[in-house]
Each structure stands twice: as structure tokens, then as C-alpha cells.
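Residue numbers (this note's numbering): 2 to 341.
Laid out in C-alpha cells, this is it:
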């Protein structure tokens with residue numbers, strides 16, 4: 002009964018076994034775990050056996066990334082921190098604090114537990130107590146790798162891409178692997194930035210953490226030769242920085258806006274980032290009601306067209322709506338590919 006009631010889906014991110022939140026919700030497991038609460042050594046042996054069965058050393062229970070923080074009910078979880086992750090077996094490092102979440106030191110990074118994933122031949126790494134990872138995005142990462150508009154822009158000549166919600170490199174890495182010369186990344190979460198930097202090293206890509214002390218940091222300076230330029234700041238600053246760097250970078254042909262439930266706050270920045278001479282594509286991630294996807298896509302396209310007009314750009318064209326995965330019952334995570 003234990004085996005038959007164990008979930009058939011789980012994730013292995015070496016050296017982590019990540020179980021769904023309901024993994025031990027069935028009565029046989031509830032009874033066993035209740036009995037083992039007074040025998041911690043036997044409970045540890047059970048977890049160790051589970052981990053060893055899939056060649057891992059650590060176990061945790063997963064839960065969705067909350068839209069609000071646990072400590073401040075009305076505050077948006079802008080760092081997208083996985084506060085509901087529950088470690089079960091082995092050491093995950095010190096528990097997160099407000100200080101380590103927002104201003105970690107090199108020692109904090111070193112003390113934390115890190116895990117890895119390899120998707121489409123690309124390595125990614127993150128500290129699961131501090132950073133999210135969604136295995137359901139693997140198909141969209143693969144789509145970026147083979148996207149005709151990306152391949153075409155690369156074949157036309159050296160080009161750049163911008164990721165306004167870069168995370169640990171979820172989609173940014175796919176642009177580089179597809180041949181894009183430079184990828185400019187914006188990310189607020191310092192743990193995600195650290196994961197992105199470490200991931201670049203694992204994939205043998207050069208990366209530079211850019212100074213973000215002031216609005217004029219880029220003026221007159223040589224742009225680093227690294228394939229990835231990473232800005233740890235709000236993407237509200239991206240438009241100005243891109244303009245000041247534009248004449249020293251390959252043309253920006255693709256802009257990724259990968260925030261859910263909506264990336265609306267970055268649309269104007271995305272439109273402005275696209276090369277004004279050659280044009281390019283914005284890839285907007287949105288949650289859409291299944292029965293209203295066509296209407297929603299048309300609404301988004303009209304808004305991008307309006308912004309494009311205000312920014313002095315040309316007309317826009319919706320090229321494709323990709324259904325990435327089910328986000329919730331009746332809600333689909335989609336990506337809109339829009340030419341500007």
C-alpha cells in the first residue's frame with residue numbers, strides 16, 4: 002500500500018529528490034510517518050533509502066511559488082522566493098532570513114545547498130531554499146533553441162537578446178546556445194543572479210556582473226566581451242541602459258518577458274529594447290483563461306501596437322501563441338511571439 006500510494010511524479014535535480022506537496026498525504030504514509038515521529042533514526046533511514054533509490058542525497062517537499070510573501074501579506078513576492086519548500090532529509094544550509102534573502106554574502110552563498118538540472122544539454126543551478134525552478138518550462142526552452150526567428154536573426158549576423166526576468170538563466174541560456182552573441186539579463190533576486198553566474202561557468206560561457214550604481218554607469222565605458230551581461234536591479238532601468246549601450250552591442254533582435262501571471266509591466270521596456278532599424282521580436286509570457294485565449298492574444302497585440310506607435314516604432318504582428326503548460330485549472334501559461 003505504501004508503494005501504490007506513492008506519487009508517480011517527482012523531480013531529480015542532483016543531488017536533490019524533490020517530491021510533490023502531496024507525496025505523503027495518503028493514509029498508509031500518514032500512519033507510517035506518525036509512527037516514526039518518535040523514532041527519528043528510523044525516519045532518517047527511511048528518507049536515506051528513498052534518496053539513495055534515485056541516486057540523490059537530499060529530499061524536500063515542493064509547493065508553488067507564492068505570489069505574496071509569508072511575512073507580509075500584502076507585499077508581492079517580487080523575488081519569487083520558494084518560501085513553502087520543506088526540507089526533509091540532509092542539510093540544506095542555514096534557514097533563510099530577510100538579510101540572507103536580500104543581501105547575501107559570499108559566505109551565505111557558500112553555506113547554502115545547491116542543486117542542478119540539465120535540460121536540452123544546458124546546465125542550470127540554484128539554491129532551492131532561495132530560488133524557484135519549474136521543470137514544466139523545458140518545452141519552451143527547447144522551442145527557443147529551434148525558433149526560426151532566433152535562428153534567422155543569428156544567420157543574418159551577430160545579434161543580442163534581452164531577458165527582462167532572467168532568473169537563473171531559464172530562457173536566457175537557450176538564446177546563447179542557439180547562437181545569440183550577447184545576452185543582457187535583468188534580475189532582482191541576488192540568489193538567482195548567483196545561480197545564473199554559476200550556470201554560465203558550468204556551460205563555459207563568459208559572464209560579467211554589471212555595475213548598477215547609477216543611471217550613467219555605461220557612458221563611455223568599454224563593454225565587457227562576456228557573452229552574458231547581468232544587471233542585478235529592476236528592469237525599470239533596462240531601457241536607459243540598453244540605449245546607452247546600443248552602439249557598442251550587436252543589435253537586439255529578441256526580448257524575453259518571462260514573468261507570470263503577467264509580464265505587462267515590462268512591455269514598454271521590451272518594445273523600446275528591440276533594434277529600431279532591423280526590428281525584432283518580443284516574447285511575452287502570460288496566463289490566459291483557456292476559453293478566452295484568442296481574445297486575450299488580440300488584446301495584448303493591440304496594446305503592444307499602441308506602445309509601438311507611442312515609441313515611434315512600426316506596426317506589430319502577432320506571429321504565434323505557444324501553449325506552454327497548464328498553470329491552474331482552466332488557466333494556460335502561454336507565450337506570445339510578436340514582431341515589431
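Where is the CB? At the ideal position from N, CA and C, for every residue including glycine.
The structure displayed is predicted, hence computed values, not measured ones.
Contact check between the region 264-277 and the region 243-255: three or more CB pairs, one atom from each, fall below 8 Å, which counts as touching. DSSP places residue 125 in the uninterrupted beta strand (DSSP E) bounded by 123-127.
In this structure, residue 336 places its C-beta atom within 8 Å of the C-beta atom of residue 141. Taking all protein chains in view, the Cβ of residue 129 is crowded by 16 or more other Cβ atoms within 10 Å, so the residue is classified as buried. A distance below 8 Å between beta-carbons, with the five flanking residues on each side excluded, links residue 328 to the following residues of its chain, in chain order: 261, 262, 288 and 334. With respect to the C-alpha of residue 177, the residue from 168, 190 and 162 having the closest C-alpha is 162. Per DSSP, residue 338 lies in no alpha helix (DSSP H) segment; the continuous beta strand (DSSP E) that holds it begins and ends at 332-340. Taken in chain order, the complete alpha helix (DSSP H) segments of 4 or more residues contained in the region 94-119 are 99-103 and 107-112. Beta-bridge analysis with DSSP links residue 164 to 186 and 257. Taking all protein chains in view, the Cβ of residue 233 is crowded by 16 or more other Cβ atoms within 10 Å, so the residue is classified as buried. Under the DSSP assignment, residue 60 falls outside any alpha helix (DSSP H), being part of the beta strand (DSSP E) whose first and last residues are 59-62. Beta-bridge annotation (DSSP): residue 14 is paired with 17. Straight-line measurement puts the Cα of residue 88 at about 42 Å from the Cα of residue 296. Here residue 242 is buried. Its C-beta has 16 or more other C-beta atoms within 10 Å. The C-beta of residue 46 has fewer than 16 other C-beta atoms within 10 Å across all chains shown, which makes the residue exposed. Relative to residue 316, the option among 323, 302 and 30 whose CA is nearest is 302. By the Cβ neighbour-count rule, residue 38 is exposed, with fewer than 16 other Cβ atoms within 10 Å of its own. Of 26, 20, 27 and 28, the smallest CA-CA separation from residue 51 is found for 20. Between residue 125 and residue 322, the alpha-carbon positions lie close to 26 Å from each other. The beta-carbon distance between residue 59 and residue 90, rounded to whole angstroms, is 6 Å. This is short enough to meet the 8 Å contact definition.
The Cβ atoms of residue 320 and residue 339 sit closer than 8 Å to each other.
Here residue 271 has 165, 256, 258 and 283 as same chain residues with Cβ atoms under 7 Å from its own Cβ, once five neighbours each way along the sequence are excluded.
Taking C-beta atoms under 8 Å as the contact rule, residue 86 and residue 61 qualify, at a distance of about 6 Å. Secondary structure note for residue 44: its alpha helix (DSSP H) is the uninterrupted segment 41-54.
Judged by DSSP in its simplified three-state form, residue 319 adopts strand. Secondary structure note for residue 36: it is in no beta strand (DSSP E), and the uninterrupted alpha helix (DSSP H) holding it is 28-37. Within 10 angstroms of the beta-carbon of residue 95 lie fewer than 16 other beta-carbons, which makes it exposed. When Cβ pairs closer than 8 Å are counted between the two stretches, the region 101-109 is seen not to touch the region 180-187, the count staying below three. Beta-bridge partners of residue 138 (DSSP): none assigned. Under DSSP, residue 284 shares a beta bridge with 257 and 338.
Secondary structure of residue 328 (DSSP, three-state): strand.
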